[in-house]
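Undergrad:
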């Protein structure tokens, strides 16, 4: 389990709360979420997940930078994510194949939120999971707006 | 058309297959009824506008009957492109419902149809009164968003 969101002086969940996904959670709810997160370390260039793989977790960047790109095309990044960002969020909703590759740009520590743990929270913590779902849906809505506008621009051009 | 039957029962074989159908596997007629009692039914004529781009309303519309189109107006304000066609068994307006931002597209009825509108305030009431129902509905809506996002992203790549 993960405790690296706690500061050296003891105990703080505020770093978790700054993530938009968990912004509405109470202290008790943050503690529950913290209890199901798992820490993973990656070396520079290491693949966190690959395009086409089944998705089974959301990842939160704790330290370092992560590159999102098409498989085998790290020179054409889709996005570069730093501490406090999250990616792979669609895996909380289904296990469809990953649409892109995620790889560490530098030494990284990420928190992994497994879809199976989220499903357990859905069953046991309705209010908590609904707050996360609302934030996740807002995030997806923003992405969809961006994608549709990009599409219209592309078609227009 | 009975809104509860449209969403609680499997679509007829002749109905078009929708990958973004709103599905809550664990719900029966009773659960849909408890959600829909918070909504308002409305009939639309062919060509009637349901959502105007830029509007600040954040209601969620459940499509009970008919066909609808989603269109985006380009920056020049003169041309428009249809980006999606939507029919019974799914929802319209989920982006503004969640994020509260103005509507990003126009939606109009292609044929006569019927919707059931759930205002965001009614959803908040539902979430207070029945958290498990609100959680199930939010999860199903998030999956619709996810599917539409994947579909849109694939189309953009092509």
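Protein chains in written order, with our numbering: chain H, 103 to 259; chain Y, 33 to 190.
We put the beta carbon where it would ideally sit given N, CA and C, even for glycine.
Considering only their Cβ atoms, is the gap separating residue 150 of chain Y from residue 96 of chain Y smaller than 8 Å?
TA: To locate residue 96 of chain Y, count along the second chain from 1; it is residue 64. To locate residue 150 of chain Y, count along the second chain from 1; it is residue 118. No, the pair does not count as a contact, with Cβ atoms beyond the cut-off.
Undergrad: Am I right that residue 145 of chain H and residue 132 of chain H are in contact with their C-beta atoms under 8 Å? What's the rounded C-beta distance?
TA: Counting from one through the first chain, the residue named residue 145 of chain H turns up at place 43. Counting from one through the first chain, the residue named residue 132 of chain H turns up at place 30. Residue 145 of chain H to residue 132 of chain H, Cβ: 30 Å. No contact.
Undergrad: Tell me which residues share the same chain as residue 254 of chain H and place their Cβ nearer than 8 Å to its Cβ, disregarding the 5 neighbours each side in the sequence.
TA: Here residue 254 of chain H refers to the residue found at position 152 when the first chain is read from its first residue. Note that residue 254 of chain H has pLDDT 43, beneath the 50 cutoff, so the model's placement of it is unreliable and the number below is only indicative. Cβ neighbours of residue 254 of chain H beyond the five flanking positions: none.
Undergrad: Mind listing which residues of the region 111–131 of chain Y have their C-beta closer than 9 Å to chain H's C-betas, in chain order?
TA: Correct list: 111, 113, 115, 116, 126, 127, 128, 129, 130, 131.
Undergrad: Compare the beta carbon distance of residue 174 of chain H and residue 209 of chain H with 8 Å and say whether it is the shorter of the two.
TA: On the first chain, position 72 is the one that residue 174 of chain H refers to. On the first chain, position 107 is the one that residue 209 of chain H refers to. It is not a contact, given that the beta carbons lie outside the stated cut-off.
Undergrad: Can you name the residues that DSSP bridges to residue 151 of chain H?
TA: Numbered from 1 along the first chain, position 49 holds the residue referred to as residue 151 of chain H. For residue 151 of chain H, which the question treats as bridged, DSSP gives the partners H:204.
Undergrad: Given 8 Å as the limit, is there contact between the region 58–70 of chain Y and the region 125–136 of chain Y, that is, 3 or more CB pairs closer than that?
TA: Contact between the region 58–70 of chain Y and the region 125–136 of chain Y is absent, because fewer than three Cβ pairs lie under 8 Å.
Undergrad: Assuming residue 10 of chain Y is part of the alpha helix (DSSP H), what are its boundary residues?
TA: Because chain Y spans 33 through 190 in this model, residue 10 of chain Y falls outside it and cannot be assessed.
Undergrad: For residue 152 of chain Y, which residues in the same chain have their Cβ closer than 7 Å to its Cβ, ignoring the five residues on either side in sequence?
TA: On the second chain, position 120 is the one that residue 152 of chain Y refers to. Within the same chain, residue 152 of chain Y has close Cβ partners 90, 91, 129.
Undergrad: With which residues is residue 169 of chain H paired in a DSSP beta bridge?
TA: Mapped onto the first chain, residue 169 of chain H falls at position 67. For residue 169 of chain H, which the question treats as bridged, DSSP gives the partners H:182, H:205.
Undergrad: Output, in chain order, the set of chain H residues within a Cβ distance shorter than 7 Å of residue 174 of chain Y.
TA: Counting from one through the second chain, the residue named residue 174 of chain Y turns up at place 142. Near residue 174 of chain Y (Cβ distances below 7 Å), the residues of chain H are 195, 235, 238, 239, 242.
Undergrad: From the beta carbon of residue 183 of chain H, is the nearest beta carbon of chain Y less than 8 Å away?
TA: Along the first chain, read from residue 1 onward, the residue named residue 183 of chain H stands at position 81. It does not: the Cβ of residue 183 of chain H has no partner Cβ on chain Y nearer than 8 Å.
Undergrad: Whole-angstrom Cβ separation of residue 100 of chain Y and residue 37 of chain Y, contact assumed at under 8 Å?
TA: Translated into positions along the second chain, residue 100 of chain Y becomes position 68. Translated into positions along the second chain, residue 37 of chain Y becomes position 5. No, residue 100 of chain Y and residue 37 of chain Y are not in contact; Cβ-Cβ is about 19 Å, not under 8 Å.
Undergrad: Does the region 136–145 of chain H come within contact of the region 172–189 of chain H, defined as at least 3 CB pairs closer than 8 Å?
TA: Flag = no, the region 136–145 of chain H and the region 172–189 of chain H do not touch.
Undergrad: Give the DSSP-derived three-state secondary structure of residue 235 of chain H in the structure shown.
TA: Looking up residue 235 of chain H in the first chain gives position 133. Reduced to three states, the DSSP call for residue 235 of chain H is helix.
Undergrad: Answer yes or no: do residue 159 of chain H and residue 243 of chain H have a C-beta to C-beta separation smaller than 8 Å?
TA: Locating residue 159 of chain H in the first chain gives position 57, where the first residue counts as 1. Locating residue 243 of chain H in the first chain gives position 141, where the first residue counts as 1. No, the Cβ-Cβ distance between residue 159 of chain H and residue 243 of chain H is not below 8 Å.
Undergrad: Could you check whether residue 150 of chain H and residue 121 of chain H sit closer than 8 Å to each other, using their CB atoms as the reference points?
TA: Looking up residue 121 of chain H in the first chain gives position 19. Looking up residue 150 of chain H in the first chain gives position 48. No, the Cβ-Cβ distance between residue 121 of chain H and residue 150 of chain H is not below 8 Å.
Undergrad: So is residue 147 of chain H buried or exposed if we call it buried at 16+ other beta carbons inside 10 Å?
TA: Here residue 147 of chain H refers to the residue found at position 45 when the first chain is read from its first residue. Its Cβ having fewer than 16 others within 10 Å, residue 147 of chain H is exposed.
Undergrad: Would you report the Cα separation of residue 121 of chain Y and residue 159 of chain Y, rounded to the nearest angstrom?
TA: Within the second chain, numbered from 1, the residue matching residue 121 of chain Y stands at position 89. Within the second chain, numbered from 1, the residue matching residue 159 of chain Y stands at position 127. Approximately 22 Å, taken between the alpha carbons.
Undergrad: Using a Cβ-Cβ cut-off of less than 7 Å, list which residues of the region 213–234 of chain H approach chain Y; keep chain order.
TA: Listed by position, the residues of the region 213–234 of chain H near chain Y (Cβ gap below 7 Å) are 224, 228, 229, 231, 232.
Undergrad: Residues of chain H with CB under 7 Å from residue 170 of chain Y, in chain order?
TA: Position 138 of the second chain, counting from 1, holds the residue named residue 170 of chain Y. In chain order: 232, 235, 236, 239.
Undergrad: Where do the N-terminal and C-terminal ends of the alpha helix (DSSP H) with residue 39 of chain Y fall, by residue?
TA: Translated into positions along the second chain, residue 39 of chain Y becomes position 7. Note, residue 39 of chain Y: alpha helix (DSSP H), 35–40.
Undergrad: Could you tell me whether the region 173–187 of chain Y touches the region 42–62 of chain Y, where touching means 3 or more Cβ pairs closer than 8 Å?
TA: Yes, the region 173–187 of chain Y touches the region 42–62 of chain Y.
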